[in-house]
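Numbering (the numbering used here), first residue to last: 1 to 200.
No residue lacks a Cβ here, since even glycine has one placed at the ideal position from N, Cα and C.
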Amino acid sequence: MSGKNEADILRDIRSKVKDINFDTLEEVVLLAVEIAREGREGRKIGTLFVVSDEEETLKCSKPLILDPLWCHPSELKRIQNPGMRETLKELAQLDGAFIVSDDGIVLSGCRYIHASIEGVQLPLGLGSRHMAAAAITKHTRAIAVVVSESSIVRIFDDGEIIAEIIPELWLIRRHGLHISGPYSARNVEQITVASKRDSG
Numbered sequence: 001m002s003g004k005n006e007a008d009i010l011r012d013i014r015s016k017v018k019d020i021n022f023d024t025l026e027e028v029v030l031l032a033v034e035i036a037r038e039g040r041e042g043r044k045i046g047t048l049f050v051v052s053d054e055e056e057t058l059k060c061s062k063p064l065i066l067d068p069l070w071c072h073p074s075e076l077k078r079i080q081n082p083g084m085r086e087t088l089k090e091l092a093q094l095d096g097a098f099i100v101s102d103d104g105i106v107l108s109g110c111r112y113i114h115a116s117i118e119g120v121q122l123p124l125g126l127g128s129r130h131m132a133a134a135a136i137t138k139h140t141r142a143i144a145v146v147v148s149e150s151s152i153v154r155i156f157d158d159g160e161i162i163a164e165i166i167p168e169l170w171l172i173r174r175h176g177l178h179i180s181g182p183y184s185a186r187n188v189e190q191i192t193v194a195s196k197r198d199s200g
């Protein structure tokens, strides 16, 4: 996608998110779309990125394995760094979430999110990765980006899905959306973004 079309496709999402660094969120969303489209080693994979409010997010999570990103220099772990992006695509095959700071440093990987699910309600059919995304955004100021193994990218804020991105147009005919209430859909270069509309 060209930069103009990227900005256009994410415009509706910008108006929905909390006070976080949108440039970082945009980089994470675009990486998530790449992972959803490409998969890894010939198979579809799912993963979770938690963006911003990193101190609270780290308190609400713990490593599942020895953290492959911990203690590496920050300049190597910037989300914009092409080498980091390829590393994240490889690590996405492992279980757990990535924690991304507001300024775009991928602080940690392979983390188990243990935020409370109190007050979280998700549509039936979404799994533990989506529940973790909803829970962490309900109890922190973070935004979560989930790559589903069905190749849909979902963005969570305050415990609910605020946007769904379907990287391949045909997927929208095969999968129902889980956004509750009215939404708008925007199509650009074989990507569809459905965003929750403001009520009223």
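Beta carbon of residue i nearer than 9 Å to that of residue j
i, j, result
"Ile165", "Lys196", "no"
"Leu64", "Cys110", "yes"
"Leu122", "His72", "no"
"Asp158", "Thr137", "yes"
"Asn187", "Asp102", "no"
"Phe156", "Phe98", "no"
"Glu149", "Ile45", "yes"
"Thr47", "Arg129", "yes"
"Ser61", "Ile113", "yes"
"Val51", "Leu69", "no"
"Val147", "Ile35", "yes"
Integer-rounded CB distance, given that residue j should sit under 8 Å from residue i
i, j, result
"Asp53", "Ala142", "4 Å"
Inter-residue Cα distance where the pair is residue i and residue j
i, j, result
"Ser151", "Lys16", "22 Å"
"Arg43", "Gly119", "34 Å"
"Glu27", "Pro82", "11 Å"
"Val145", "Leu66", "23 Å"
"Gln93", "Ala134", "21 Å"
"Gly125", "Met84", "32 Å"
"Glu89", "Ser184", "A small correction: the amino acid at residue 89 is Lys; Glu does not occupy that position in the sequence shown. Looking at the two C-alpha atoms, the distance is approximately 30 Å."
"Ser108", "Val33", "20 Å"
"Thr87", "Met131", "25 Å"
"Pro182", "Ile117", "25 Å"
"Val29", "Ala115", "22 Å"
"Glu160", "Leu31", "21 Å"
"Arg37", "Val153", "10 Å"
"Gly127", "Gly96", "13 Å"
"Val100", "Asp19", "15 Å"
Residues sharing a beta bridge with residue i, DSSP
i, result
"Pro63", "Arg111"
"Asn187", "Thr192"
"Val28", "In the DSSP output, where bridge partners are listed per residue, Val28 has none listed."
"Phe49", "Phe98 and Val145"
"Asp198", "Looking at the DSSP assignment, Asp198 forms no beta bridge with any residue, so it has no partner."
"Ile105", "Arg78"
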